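Asks:
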Amino acid sequence: MILDQFSEGKRTSHTWQAVKNRFYWYNGFMPKQVPQEHVKFWFDPDLGYLELLHATYITHTFVPHAHTGFAIGVIESGGQAVTYRRSNNLIMPAGSIAVINPGVVHDGRAVGAHGWTYRMLYPATHVLQQAATQLTGRACAMPFFPHPVIHDDLLAQQIRRLHYLLENPTTSRLERESRLLWTLAHLIARHADTVPAIVSVGSEPSYVRTIQTYLIEHVAENYHP
23 MILDQFSEGK RTSHTWQAVK NRFYWYNGFM PKQVPQEHVK FWFDPDLGYL
73 ELLHATYITH TFVPHAHTGF AIGVIESGGQ AVTYRRSNNL IMPAGSIAVI
123 NPGVVHDGRA VGAHGWTYRM LYPATHVLQQ AATQLTGRAC AMPFFPHPVI
173 HDDLLAQQIR RLHYLLENPT TSRLERESRL LWTLAHLIAR HADTVPAIVS
223 VGSEPSYVRT IQTYLIEHVA ENYHP
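In the numbering used here, each number is its position in the sequence shown, counted from 1, plus 22.
1. Roughly how many whole angstroms lie between the Cα atoms of Asp129 and Ile119?
2. To the nearest angstrom, how far is it from the Cα of Phe167 to the Cα of His213?
3. Among Pro191, His185, Thr105, Asp215, whose alpha-carbon lies nearest the alpha-carbon of Leu202?
4. Applying the criterion that 16 or more other CB atoms from any shown protein chain within 10 Å of the CB defines a buried residue, is Leu176 buried or exposed?
5. Under three-state DSSP, which class holds Thr147?
6. Should Trp64 go down as buried or exposed, given a rule of 16 or more other Cβ atoms within 10 Å for buried?
7. Under DSSP, the alpha helix (DSSP H) around His208 begins and ends at which residues?
8. Going by beta carbon distance, what residues of the same chain come within less than 8 Å of Glu59, once the five residues before and after it are set aside?
9. Based on the DSSP secondary-structure assignment, which residues constitute the bridge partners of Pro115?
10. Give the DSSP bridge partners of His87, in chain order.
11. Beta-carbon within less than 8 Å of Ile207's beta-carbon, same chain only, minus the 5 sequence neighbours each way: which residues are those?
12. Would you kindly work out how many angstroms separate the C-alpha atoms of Ser150 and Ala161, rounded to a whole number?
13. Helix, strand or coil: how does DSSP classify Ile181 here?
14. When DSSP labels each residue in this structure, what does Thr155 get in the three-state scheme?
15. Given that a residue counts as buried once 16 or more other Cβ atoms are within 10 Å of its Cβ, and exposed if not, what is Gln179?
16. Would Glu199 and Leu187 qualify as a contact pair, given that the criterion is a beta-carbon distance under 9 Å?
17. Return the CA-CA distance between Tyr229 and Leu69, expressed in angstroms with no decimal places.
18. Look at the Cβ atom of Ile122, then the Cβ atom of Ala93, and state whether they are nearer than 9 Å.
The structure is reproduced here in structure tokens:
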């Protein structure tokens, strides 16, 4: 029998697993792959050291904590349960957008046995203010998001694409900056508590039109201030 060849434990665990897989294959079935936790955390120095996270958690739990800035992301698979403000078991399912306001204590844990996978970014408060200012053409206060779980498929796809773009080292600095502010502006316009008045096309200040034209013409370039 194939398994008996290694019954004395004289082979490495890697070889032993390979033999077991052959045995399963010969008998017409394969064991289910056990999901594994993985965490990738990095920051972008060109975006004010913006912190980013792509992670899968199975058994890991987050103790109650708070962020000095915003926590914004998309649940890619599975589901996360959080205690947030007065909600004790708030569910963030796959496809939903997670938005945690600065200073709000919350925790985090898996909903089911397979955990959850998500992509998160952690912009400082002034970055959201900058996005709101870009949206309105005037200085704005820090936005507030009343709902930590947002169901908006189009915006979720946009945030996910942004995260992929920020993860790609070949993406130009100019494109990273413009896409980040553009995506955050959409989030503010659609889901902030007080939606600011948006500058209509053609009525924005001339310097905004100049920036827009420059972005369109130089989106593939890096620049250095």
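Beta carbons are placed, not taken as given, at the ideal position from N, Cα and C, and that holds for glycine.
Here the structure is a predicted model, which means the values were calculated and not measured.
Replies: Well, looking at it:
1. 16 Å
2. 6 Å
3. His185
4. exposed
5. helix
6. exposed
7. 195 to 213
8. Ala77, Thr78, Tyr79, Ile80, Thr81, His82, Gly137
9. Gly101
10. His128
11. First, the residue type needs correcting, since residue 207 is Ala and not Ile in the sequence shown. Counting only Cβ-Cβ distances below 8 Å, and skipping sequence neighbours, we find Ala153, Ala154, Gln156, Leu157.
12. Note on identity: in this sequence residue 150 is Leu, with Ser being the wrong assignment. Rounded to whole angstroms, Leu150 to Ala161 spans 11 Å at the Cα level.
13. helix
14. helix
15. exposed
16. no
17. Caution applies to Tyr229, whose pLDDT of 43 falls short of 50 and renders its modelled position unreliable; the model cannot decide the point.
18. yes
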